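Below: the structure, in structure tokens.
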Amino acid sequence: MGISCFLIMPQNSLLNHAITSILVNPTFNLKLANSQAANGVELIREIGLVRPDVILIGETMPLEQRETLSHLLMSFPELKIIVISEETNWLHVFHKKDWLMTQESDLLALVCS
């Protein structure tokens, strides 16, 4: 199943406008939701209501702290979190994956992929 819903945590209106203009495309058929969360607790509540596949967060937002990201990924294992750097154009993607290692080659496959 592909991505169907993005939750956008806007840092500023310019970034929000740029992201929205990229994602609003009839070919993608995506549902976009702008977050109103001011902290991690509100964000978790919002995720439970909206059930997004992906969250977009600006790098300078307080919600981008590693502890918050780890907690979100543990609470919502299928969620992907994309952190956007406005200054460098880097995208950092966080996604929890569990791997069952049954033989040595499983570890090599994970490291080399």
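Numbering follows numbering that gives the first Met the number 0, with no gaps: position 24 of the sequence shown is 23.
Just so it is clear, CB atoms sit at the ideal spot from N, CA and C, and this is done for glycine as well.
Computed from a prediction, not measured in an experiment: that's the story for all the values here.
Bridge partner(s) assigned by DSSP for residue i
i: Lys96; result: Paired residues: none, contrary to the question.
i: Asn33; result: Ile7
Top-ranked residue by Cα proximity to residue i, from the options
i: His94; options: His16, Ile43, Ser34 and Ser74; result: Ser74
i: Ile43; options: Leu90, Pro76 and Leu106; result: Pro76
i: Ser69; options: Asn88, Ala36, Asn33 and Lys96; result: Lys96
i: Phe27; options: Gln35, His16, Glu41 and Phe5; result: Phe5
C-beta atoms of residue i and residue j nearer than 8 angstroms
i: Val23; j: Leu13; result: no
i: Leu55; j: Ile7; result: yes
i: Thr67; j: Gly39; result: yes
i: Ser104; j: Asp52; result: no
i: Gly47; j: Ile83; result: no
i: Leu106; j: Met100; result: yes
Boundaries (first-last residue) of the alpha helix (DSSP H) holding residue i
i: Val40; result: Gly39 to Val49
Under the three-state DSSP convention, the category residue i falls into
i: Leu72; result: helix
i: Leu90; result: strand
i: Gln102; result: coil
Range of the contiguous beta strand (DSSP E) that encloses residue i
i: Leu55; result: Val53 to Gly57
i: Val23; result: Taken as a continuous stretch (DSSP letters only), Val23 belongs to no beta strand (DSSP E), as it is neither H nor E.
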